[in-house]
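Visitor: The numbering of the sequence shown is my numbering, which starts it at -14 and goes up by one.
Backbone N, C-alpha and C fix where the C-beta goes; we use that ideal spot for every residue, glycine too.
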Amino acid sequence: MKIVGMISGTSMDGIDAAVCEIDGAPPHISARIVHSAPFPFPPGFAQRIMNACVPGQTGTDEICELNADLGELFASAALNVIHAAGLAPADVDLIASHGQTVWHMIQPDGRASSTLQLAEPAIIAERTGITTIGNFRPRDLAAGGQGAPLASYLDWLLLRDPARWRAVQNIGGIGNVTFLPPLSDATTAPLAFDTGPGNLLIDAAVRIVTDGAQDFDRDGQIGAQGTVDEAWLAGMMQNPYYDRQPPKTTGRELYSAAMGADLLAEGRTRGLSDADIIATLTALTAESIADAYRRFAPAPVEEAIVGGGGARNPTLVRMLHERSGLPVLTHDEIGIDSDNKEALLFALLGHESWYARPGTHPALTGARHGSVLGQIVPGANYRDLIRKTWCG
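1) My guess is that L55 and G84 are in contact by the Cβ rule of under 8 Å, so how many angstroms apart are they, rounded?
2) Give every residue of the same chain whose Cβ lies closer than 7 Å to the Cβ of Q42, excluding the five residues on either side of it in the sequence, and list them in chain order.
3) Run through the segment 316 to 367 for me and flag every whole beta strand (DSSP E) of 3 or more residues, listed as ranges in chain order.
4) Using CA atoms only, rank isn't needed, just tell me which of I361, D259 and N155 is closest to L135.
5) Exposed or buried, which one is A157 when buried takes at least 16 other CB atoms within 10 Å?
6) Whole angstroms is fine: what's the gap from G29's alpha carbon to Y367's?
7) Could you spell out the range, first to last residue, of the beta strand (DSSP E) harbouring W88?
8) With H, G and I counted as helix, E and B as strand and the rest as coil, what does DSSP make of C49?
9) To the nearest angstrom, report how far apart L305 and T315 are at their CA atoms.
10) Using three-state DSSP, classify I115 as helix, strand or coil.
11) So, do the segment 186 to 195 and the segment 262 to 277 have three or more beta carbon pairs nearer to each other than 8 Å?
12) Check whether the segment 348 to 357 touches the segment 120 to 131, counting contact only when three or more Cβ pairs, one atom from each stretch, lie closer than 8 Å.
13) So, is Y138 buried or exposed, given that buried needs 16 or more other C-beta atoms within 10 angstroms?
14) For R255, does the three-state DSSP call read helix, strand or coil?
15) Give the DSSP-derived three-state secondary structure of G129 in the structure shown.
16) Could you tell me which uninterrupted alpha helix (DSSP H) segments, each at least 4 residues in length, are contained entirely in the segment 241 to 314, listed from first to last along the chain?
17) Which residue marks the beginning of the beta strand (DSSP E) containing S98, and which one marks its end?
18) Could you check which residue in I34, G95 and P343 has the C-alpha nearest to that of T234?
19) What is the rounded straight-line gap between the Cα of D179 and the Cα of L218?
20) Relative to the alpha-carbon of G310, which residue among P285, R297, G293 and L333 has its alpha-carbon at the smallest distance?
21) Opposite F24 in the DSSP bridges: which residues?
22) Throw me the rounded Cβ distance for the G293 and F121 pair, which I believe falls under 8 Å.
23) Is it right to say Y340 is buried, meaning 16 or more other beta carbons lie within 10 angstroms of its own, or is it exposed?
24) At 3 residues or longer, and completely inside the segment 153 to 192: list those beta strand (DSSP E) runs for me, N to C.
25) Less than 7 Å between the beta carbons of I109 and G335, yes or no?
26) M(-9) lies in the beta strand (DSSP E); which residues open and close that run?
27) How should P289 be labelled, buried or exposed, when 16 other C-beta atoms within 10 angstroms of its C-beta is the threshold for buried?
28) I need the boundaries of the alpha helix (DSSP H) containing R33, first residue and last residue.
29) Report yes or no: is there a C-beta of chain B within less than 7 Å of the C-beta of L103?
30) From L144, A70 and D(-2), pick the residue whose C-alpha is nearest to that of G320; which is it?
31) In terms of residue numbering, what span does the alpha helix (DSSP H) encompassing Y226 cover?
32) In three-state DSSP terms, what is A198?
33) For R237, count the other beta carbons within 10 Å of its own beta carbon; 16 or more makes it buried, fewer makes it exposed. Which is it?
34) Starting from A148, trace the alpha helix (DSSP H) in both directions and tell me its first and last residue.
35) Report the rounded CA-to-CA distance for R151 versus E47, giving the unit in angstroms.
36) What is the DSSP secondary structure of E57, counted as helix, strand or coil?
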């Protein structure tokens, strides 16, 4: 099947969209990206999303309108990547849209009780004519899971090594890991959870120290010029989240842009240069990941595979290697496009949902059982798609 996978992540800089080809069924399933095309948000739009992520700052009227406006942008992103791939909408079977997370409710006991993603799937289906699957996370929550990290299911299906334990680490706004047993181990379950901050705190501080000229530490250049304040880092590592047992998830409700601004101010009061602060926040991401490996890996890990925007930060990758003691590879080095892994993920999850197969593993999210994810919105191709896939 040709499926467009789409997501806007915690960086909120735009939509990752990719036309993907998915075939087969687990455990013999293939997934590849045919063409990808990022779709930036219009100027000022990211701020609307960020405002919606702050309790009390945005009303229900704005949330309602934002859901529709995101739906329009996601529809445009889908049509854009389809045309960029040299295809017509009629050539595409499904759209699988994660949308934009604006809140993921975590209770004091660590239980995820609700989640909200915006980007109305009905608008996407109407504008494109393509059957659309969206709203993937709530079903896993209903089954007692965390609703995250969903990317771990792609790791489970596609990235296990024949003989070695792997840590597959995504570093987006938030970091998440999947500990994968080797294919030779048919009995041990995987384990996945959010490790803590990814790029979010670094990005927030960089925006301030560059007066908005940079949204992130390009190539890790600022962090590379600074010195890590190990005492301050040790204090930041006392956050209770790191002690919490998996499965666990987190997001902007804990690691927010405001937290990044507060940490920048704290670093300055400690007499640190801006480069030292960025270096220490980068080390916080690396140390929180390495600490999670030491505490929670079910077996000794022999290599880490890093994806997401953090994989483009050589200072962060170097620090992760130094603090974990592991060889650190990028997704690209093992044949997965790091920039578009999550778009591929949702194409894969959409494929599994269409065929009424689970898109989660209970060991990965903490759910009582695997669930078929998402909600299907019929497009103009709905009947033909049923005939093609179910009646052929």
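Guide: Per the coordinate set shown:
1) Position 70 of the sequence shown, counting from 1, holds the residue named residue 55. Position 99 of the sequence shown, counting from 1, holds the residue named residue 84. That belief holds up - the Cβ atoms of L55 and G84 are roughly 7 Å apart, short of 8 Å.
2) Numbered from 1 along the sequence shown, position 57 holds the residue referred to as residue 42. Closer than 7 Å at the Cβ level, and outside the excluded window around Q42, lie N36.
3) 360 to 362
4) As a working mapping, residue 135 is identified with position 150 in the sequence shown. The shortest Cα separation from L135 among I361, D259 and N155 belongs to N155.
5) Within the sequence shown, residue 157 is the residue found at index 172, counting from 1. Note that residue 157 corresponds to Gly in the displayed sequence, not to Ala. Result: buried.
6) The residue you call residue 29 lines up with position 44 of the sequence shown. The residue you call residue 367 lines up with position 382 of the sequence shown. Cα to Cα, the separation comes out at about 35 Å.
7) Taking the first residue of the sequence shown as position 1, residue 88 is located at position 103. Run containing W88: L79 to I91, per the beta strand (DSSP E) assignment.
8) Along the sequence shown, one-based indexing puts residue 49 at 64. Three-state DSSP puts C49 in a helix.
9) Here residue 305 corresponds to residue number 320 of the sequence shown, with the count starting at 1. Here residue 315 corresponds to residue number 330 of the sequence shown, with the count starting at 1. Taking the straight line from one Cα to the other gives about 12 Å.
10) What you label residue 115 is simply residue 130 of the sequence shown in a count that begins at 1. It is coil, neither helix nor strand.
11) yes
12) yes
13) In the sequence shown, residue 138 corresponds to position 153, counting from 1. Buried is the call here.
14) Here residue 255 is taken as the residue at index 270 of the sequence shown, counted from 1. It is coil, neither helix nor strand.
15) In the sequence shown, the residue the question calls residue 129 occupies position 144. Note: G129 maps to coil in three-state DSSP.
16) 242 to 254, 259 to 281 and 299 to 309
17) By 1-based counting over the sequence shown, the position of residue 98 is 113. It spans A97 to L103 - the beta strand (DSSP E) in which S98 sits, taken as one unbroken run.
18) For the purposes of this step, residue 234 is taken as residue 249 along the sequence shown, with counting starting at 1. Taking only the C-alpha atoms, the option nearest T234 is G95.
19) Taking the sequence shown and counting its residues from 1, one reaches residue 179 at position 194. Taking the sequence shown and counting its residues from 1, one reaches residue 218 at position 233. C-alpha separation (whole angstroms): 19 Å.
20) On the sequence shown, residue 310 is found 325 positions in, with the first residue counted as 1. The candidate whose alpha carbon is nearest that of G310 is P285.
21) In the sequence shown, the residue the question calls residue 24 occupies position 39. Bridge partners of F24: I0.
22) Start at 1 with the first residue of the sequence shown, and residue 293 comes out as number 308. Start at 1 with the first residue of the sequence shown, and residue 121 comes out as number 136. Incorrect: roughly 18 Å between the Cβ atoms, too far for contact.
23) As a first step, residue 340 must be located in the sequence shown, where it is residue number 355. Counting Cβ neighbours within 10 Å, Y340 comes out exposed, since fewer than 16 surround it.
24) 159 to 165 and 176 to 182
25) Locating residue 109 in the sequence shown gives position 124, counting from the first residue. Locating residue 335 in the sequence shown gives position 350, counting from the first residue. No, Cβ-Cβ distance for I109 and G335 is not below 7 Å.
26) Numbered from 1 along the sequence shown, position 6 holds the residue referred to as residue -9. Counting along the chain, the beta strand (DSSP E) containing M(-9) begins and ends at K(-13) to S(-7).
27) Translated into positions along the sequence shown, residue 289 becomes position 304. It should be noted that the sequence gives Ala, not Pro, for residue 289. Buried, because 16 or more other Cβ atoms sit within 10 Å of the Cβ of A289.
28) By 1-based counting over the sequence shown, the position of residue 33 is 48. Its alpha helix (DSSP H) spans residues F30 to A37.
29) No chain B appears in the structure shown, which is made up of a single protein chain.
30) The residue you call residue 320 lines up with position 335 of the sequence shown. When only C-alpha atoms are compared, the closest one is L144.
31) Taking the first residue of the sequence shown as position 1, residue 226 is located at position 241. That residue, Y226, is in no alpha helix (DSSP H); it is neither H nor E in DSSP.
32) As a working note, residue 198 is residue 213 in the sequence shown. Coil at A198, not helix or strand.
33) Working through the sequence shown from its first residue, we reach residue 237 at position 252. It is buried - the Cβ of R237 has at least 16 other Cβ atoms within 10 Å.
34) Walking along the sequence shown from the start, residue 148 turns up at place 163. It is not in any alpha helix (DSSP H) - A148 carries neither H nor E in the DSSP assignment.
35) Numbered from 1 along the sequence shown, position 166 holds the residue referred to as residue 151. Numbered from 1 along the sequence shown, position 62 holds the residue referred to as residue 47. If I take the Cα positions, the gap works out to 43 Å.
36) By one-based count along the sequence shown, residue 57 stands at place 72. If DSSP states are grouped into helix, strand and coil, E57 belongs with the helices.
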